[in-house]
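Note that the protein sequences, when read in sequence, are chains S and P. Under the numbering used here, the first residue of the first sequence is numbered -8, with each subsequent residue one higher. Under the numbering used here, the first residue of the second sequence is numbered -8, with each subsequent residue one higher. Here a beta-carbon is modelled for each residue, glycine too, at the ideal position from N, C-alpha and C. Computed from a prediction, not measured in an experiment: that's the story for all the values here.
Number of protein chains: 2
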Amino acid sequence: MEEKPLILVTNDDGITAPGIKSLIDAVQEFGELMIVAPDKPQSGMGHAITVNEPLFLTESAYHSNHKAYTTTGTPVDCVKLALHVLQGRKPDLIVSGINHGSNASTNVLYSGTMSAAIEGCLDEIPAIGFSLMDFAHDADFSGAEVAVRKIVGEALKNNLPKDVCLNVNVPKIDAAEIKGYRICRQARAFWADGFEERITPLGKKYYWLTGEFENYDKGEDTDLWALQNGYVSIVPTQFDMTAHQSIAEINSWNI
Amino acid sequence: MEEKPLILVTNDDGITAPGIKSLIDAVQEFGELMIVAPDKPQSGMGHAITVNEPLFLTESAYHSNHKAYTTTGTPVDCVKLALHVLQGRKPDLIVSGINHGSNASTNVLYSGTMSAAIEGCLDEIPAIGFSLMDFAHDADFSGAEVAVRKIVGEALKNNLPKDVCLNVNVPKIDAAEIKGYRICRQARAFWADGFEERITPLGKKYYWLTGEFENYDKGEDTDLWALQNGYVSIVPTQFDMTAHQSIAEINSWNI
C-alpha cells in the first residue's frame, strides 16, 4: 500500500487560531498531518529565528486527531524544529496558515505565515502559505477552505518549480462569489506607516504601529488586482532576493 | 550652504555593539547622523515588526557626538520609528550594521541588518547593509570600515537603482589583504540545521539551534565565491520575491 503524503501544518497566529483549524480540516483528506505551531501569536515575525534563547517543543492536545506540537518560537522555528527534532520522514508538503489577514504584495516580507513556507522551500519541500483578507478572529474561512483543497490537490499532483513556494491570498467575500484563481506577481504596494503615541500611567511615551496599505501598482497582473476583483491570488515566491537586473549598473560605479 | 546628507544608522546587534561604532566612525564624514538602534541584540530577527506590544523610543547617551536613540523593537521597527516618530527631514541614506557575522547568500532572509536596509528601500530611501564575516564581539572592523567609506561614497555620488538596496559582506581578513569589490548574485546556499538538546534543572527538554552553512552553488558570480576569494561582496537586493519565471508553469495547472 502506498504511503500517504506527510503534510506539515504550521501558522503564525498560534495553535489555537481558527485559521489553522480550517487549514487542518481542509488538508486532512490529502495525507497524514503533523502540526507544529507557535504557542502564542507570532504575527509580523517575518523570517525571524530564535538564536538568543532556547526553544521548547511540547505535545499538544489541540487538534487531537493528529500529531500536534507547540513551540515557544517563531513560525520559521516551528518548521526547523519539525524537520530536525521530531522523528520521521521528510514532509511531502508544508502548508502554513490560514492567516487571519492579508499577506499579499510586500506583506510577504513581514509575514510569519509565508516565512514558514519559504523556510520549507529552502529545504526543498513544496510549501504553500494561505491567508484570508480578514483580520477578525471569527473570520469566515469557508471560501479559503475551498481554495486550500483546490490548490493543495494540484500541488500534490504537479510538482512545484524548484526553489519556488506559493503565496495564496483569498478575498473576504462569500465562497460562492469567488470568481476563480489568478497566478500573479507581487504588487508594488507599501504600508504608509504611522505610530499612535500614548502615555504610560508613570508618564512615559510609548508607540503602537498603525498604518494604511497603499497600492501604487496599476498592473492587472498583480495579487492586489486579483483580490480586488474577486479572485484568489497565487504568487509563485522565491528566496533569491538578488536584483539581477541591477548588477551591470552597480558594476559601473567606481569601486 | 548646501545641507549635509542625513544618514540614518541602525543595526541588529544593538546600540552597544562594536560594529555600529565602526559604522558610525566610517560614515560620519559623509553627513549628519541619526542613530536609532535596538536596546538589545536582535540577531536573526529578519523582517520582524512589533505588532502585539507597544514600542518605546529613548534618547541614548551612546555615541554622544550624534543624535542617538534606542528602541525596544526590532531593526525594522527602528527604521519605522526613525522615519515616522522622530521629527526631521527624510534620510538621504540608511546604513545598517556593521553586523558581527555573515549576511551573505540566503542569510539575507534571517538578517535583521539587511531587513532594516530593505525597509528603507520600501520607503524609497537608498539603503546599505554591511556585515563582517566574524561573529566575535571584538572582531577587527578595520577592513570593513574601508569598505563602508568606499561604498557609501559611491552610493551618495551615484543613485541606487529604484527598489534596490545593497547587501555588503566583508571577508574576515586583514584590510590590506582585501583584493577589491565584486558585484554579485546571492549564492544558492543553505543552513544544514541541527538542534542541541539539553535538559532544564527541572527535567524538561529544550533546544538550541545549531548548524553549518553549506554552499551548493559552484558559480563564480556569487557573494560566497567573492568572499572566499578575498573580495568584498556587494549584492543588489530587491523586495520583489515573485518567481516571475514560474508564473507560466503554475498557470498550466488545472486551477
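- Taking a Cβ-Cβ threshold of 7 Å, the residues of chain P close to residue 229 of chain S are 232, 234, in chain order.
- Taking C-beta atoms under 8 Å as the contact rule, residue 108 of chain S and residue 85 of chain S qualify, at a distance of about 6 Å.
- In this structure, the straight-line span from the alpha carbon of residue 113 of chain P to that of residue 181 of chain S is close to 7 Å.
- Between the C-alpha atoms of residue 171 of chain P and residue 222 of chain P there is a straight-line separation of about 5 Å.
- For residue 106 of chain P, the nearest CB of chain S lies under 8 Å from its own CB, placing it at the interface with that chain.
- The beta carbons of residue 227 of chain S and residue 147 of chain S sit about 17 Å from each other, so the pair does not count as a contact at 8 Å.
- Residue 39 of chain P and residue 159 of chain S have their C-alpha atoms some 20 Å from each other.
- Closest by C-alpha distance to residue 134 of chain P, out of P:169, P:103, P:120, P:175, is P:169.
- From the beta-carbon of residue 177 of chain S, the residues of chain P found nearer than 8 Å are 231, 232, 233.
- In the three-state reduction of the DSSP assignment, residue 78 of chain P falls in the coil class, being assigned neither a helical nor a strand state.
- Distances from the CA of residue 197 of chain S to each of S:203, S:206, S:187, S:204 were compared; the closest alpha carbon is that of S:187.
- Between residue 71 of chain S and residue 200 of chain P, the gap from beta carbon to beta carbon is short of 8 Å.
- Taking C-beta separations shorter than 6 Å and ignoring five residues to either side along the sequence, the partners of residue 4 of chain P in its chain run 10, 32, 91, following chain order.
- The beta carbon of residue 36 of chain S sits closer than 8 Å to some beta carbon of chain P.
- Look at residue 141 of chain S: its C-beta is under 8 Å from a C-beta on chain P.
- Residue pairing for residue 48 of chain P: DSSP places it in a beta bridge opposite P:62.
- Contact between the segment 73 to 85 of chain P and the segment 206 to 213 of chain S is absent: fewer than three C-beta pairs spanning the two stretches fall below 8 Å.
- Leaving aside the five residues that flank residue 41 of chain P on each side, the residues in its chain whose CB is nearer than 7 Å to its CB run, in chain order, 64, 65, 68.
- Contact between residue 82 of chain S and residue -3 of chain S is confirmed by a C-beta separation of about 5 Å, below the 8 Å threshold.
- Around the beta carbon of residue 192 of chain P, fewer than 16 other beta carbons lie within 10 angstroms, which makes this residue exposed.
- Collapsing the DSSP output to three states places residue 156 of chain P in a strand.
- From the beta-carbon of residue 185 of chain S, the residues of chain P found nearer than 7 Å are 75.
- One alpha carbon belongs to residue 214 of chain S, the other to residue 174 of chain S, and they sit about 8 Å apart.
- Taking 8 Å as the upper bound on Cβ-Cβ separation, chain S lies near residues 43, 45, 46, 47, 48 of the segment 43 to 59 of chain P.
- Taking residue 202 of chain S as the centre and dropping the five residues before and after it, the same chain places the C-beta of 182, 183, 184, 185 closer than 7 Å to its C-beta, in chain order.
- For residue 0 of chain P, there are no neighbours in chain S by C-beta distance under 7 Å, as the nearest C-beta there is about 20 Å away.
- Secondary-structure assignment with DSSP links residue 204 of chain P through a beta bridge to P:182.
- Checking the DSSP bridge columns, you'll see residue 91 of chain S partnered with S:123.
- Contact between the segment 15 to 24 of chain P and the segment 93 to 103 of chain P is absent: fewer than three C-beta pairs spanning the two stretches fall below 8 Å.
- According to DSSP, residue -1 of chain P shares a beta bridge with P:25, P:85.
- Taking C-alpha positions only, residue 130 of chain P is separated from residue 14 of chain P by approximately 13 Å.
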